[in-house]
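Numbering (the working numbering), first residue to last: 3 to 397. Where is the CB? At the ideal position from N, CA and C, for every residue including glycine. Fair warning: this is a prediction, and the values are worked out from it, not measured in the lab. Encoded as structure tokens, the structure appears first; notes follow it.
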Ligand SMILES: Cc1ncc(COP(=O)(O)O)c(C=O)c1O
């Protein structure tokens, strides 16, 4: 019999009932150190007092009015994001997937508005942009699209890491190129700064728009507010979600005035997007995470974690191949199946997240205390020792 919850997820047999900071409490009372943070969502940890206060204060005032009216919290958050980034304008969504949908629409509409319609969007293999029909067509991975055709046409996929092929794919027929500056689900694979720069130049040359998907790598995760800042390159359109709501469902599409020129009244909308609750929390998260002192701390913590992980990898060469990533977006490339490491870590009371390319991700709260970093590495060490004693099972 089909479960009452549609069985689209392979869930672990854990149900958490409360959380505080980087810790989660299971229904049976066990405490787990959370190095996944809801897959890069709980940017300030669980039950962050500032976010609880922002949410409950708004909840007591006003939940929802619809976008028929001006929403002051939405206006304030948009102003703040415009002030902090390349963008001139922002549309709020409830998720990363919805941000992907608008990014596609905005790019195509831009060219239509300019009188020379273009539909083609160039994307990278191994990308993840969400689960709507548009987002799966855009990312194009076999597992995601199988059985859901016919797919939305107009997407071209280039292998990750093949710069020449990528630049050659961007022509005067291209409406936009979309990349994650650091692929998350794809296995913490960063696009080199030089490639992002070359892509920007190529897009400018042929009149294509450049879209960055910063749903996972943005909002302070890499030690800068947005990951593209490391490369000194700005997009025309950017998707944000996950960390921006700190656990409350919120996403956003940020764009330049030029890129957004086709998006006039009636061209797009969302019942809940940008509602007072989400924006009150998003405003608080954005204020905290964009503070240079907070980002300096993220970088210091990232250095601490990275150094310990380099040691861990060196002392377990049969388990780990390498450590990669930027800031607190870290991938442990494994020599064992990632699921085995995730399970061994779980047995030590540590939560991690698997990804493609044989990687286990560490995406902790950005304010994780130093002692929790040390504890996480100690637990990973024990997990690796336990795995090393069972080579036959993990082979
Ligand atoms: C880079 C990226 N884009 C888009 C999405 C989709 O976001 P959501 O699950 O909020 O729809 C994700 C989710 O993992 C993501 O990592």
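Rounded to the nearest angstrom, what separates residue 337 and residue 320 at their Cα positions? 6 Å
Spatial neighbours of residue 300 in its chain, beta-carbon cut-off 7 Å, leaving aside the 5 residues before and after: 222, 225, 329, 330 and 368
In whole angstroms, what is the alpha-carbon distance linking residue 392 and residue 340? 15 Å
So for residue 288, helix, strand or coil by DSSP? helix
Give me the Cα-Cα distance between residue 48 and residue 291, rounded to the nearest whole angstrom. 15 Å
What do you get for residue 34, buried or exposed, if any count of 16 or more other CB atoms within 10 angstroms of its CB means buried? buried
Residue 66 classed as buried or exposed, judged by whether at least 16 other C-beta atoms fall within 10 angstroms: exposed
What is the residue span of the alpha helix (DSSP H) that residue 136 lies within? 135-141
So, residue 254 versus residue 238, is the Cβ gap smaller than 8 Å? no
Just mark residue 180 as buried or exposed, buried being the case when its beta carbon has 16 or more other beta carbons within 10 Å. buried
Residues that DSSP places opposite residue 48 in a beta bridge: 23
In this structure, what does DSSP give as the bridge partners for residue 226? None, per the DSSP bridge assignment.
Does ligand 1 have a heavy atom nearer than 7 Å to the CB of residue 107? no
Is the beta carbon of residue 171 closer than 8 Å to that of residue 124? yes
Going by DSSP, which residues form a beta bridge with residue 326? 333
Output the residue ranges of the beta strand (DSSP E) runs that lie fully inside the segment 184-220 and measure 3 residues or longer, sorted by chain position. 211-215
Where residue 308 sits in the DSSP three-state scheme: helix
Boundaries of the beta strand (DSSP E) in which residue 37 is found, first to last residue: That residue, residue 37, is in no beta strand (DSSP E); it is neither H nor E in DSSP.
With distances taken Cα to Cα, identify the nearest neighbour of residue 370 among 13, 22, 289 and 3. 22
Sufficient close CB pairs (3 or more, under 8 Å) joining the segment 66-78 to the segment 130-150: no
Just checking my contact of residue 359 with residue 306 at CB under 8 Å: how many whole Å lie between their CB atoms? Not really, about 25 Å apart at Cβ, beyond 8 Å.
Please give me, in chain order, every unbroken run of the alpha helix (DSSP H) with length at least 4 that falls completely inside the segment 93-172. 98-115, 135-141, 144-147 and 165-171
Under the rule that 16 or more other beta-carbon atoms within 10 Å means buried, what is residue 309, buried or exposed? exposed
What's the gap between the Cα of residue 8 and the Cα of residue 234? 43 Å
Would the beta-carbon of residue 243 be found less than 7 Å away from any heavy atom of ligand 1? yes
Here's a check: name, in chain order, each residue in its chain whose Cβ is nearer than 7 Å to the Cβ of residue 202, leaving out the five neighbours to either side. 212 and 235
When the Cα of residue 138 is compared with those of 16, 102 and 354, which residue comes out closest? 102
Would DSSP call residue 397 helix, strand or coil? Low local confidence applies: a pLDDT of 42 at residue 397 is under 50, so the model's placement there is unreliable, with the coordinate-based value given in what follows. Correct three-state label for residue 397: coil.
Check this for me: beta carbons of residue 184 and residue 136, under 8 Å apart or not? no
Tell whether a beta-carbon distance below 8 Å holds between residue 215 and residue 182. yes
Assumed close pair residue 41, residue 343 - CB separation to whole angstroms, cut-off 8 Å: No, residue 41 and residue 343 are not in contact; Cβ-Cβ is about 17 Å, not under 8 Å.
Smallest Cα separation from residue 218: which of 280, 229 and 50? 229
Indicate whether residue 352 and residue 381 have their beta-carbon atoms separated by less than 8 Å. yes
Any heavy atom of ligand 1 closer than 7 Å to the beta-carbon of residue 99? yes
Report yes if the CB atom of residue 98 is closer than 8 Å to the CB atom of residue 132, and no otherwise. yes
Can you look up residue 356 in the DSSP assignment and give me helix, strand or coil? strand
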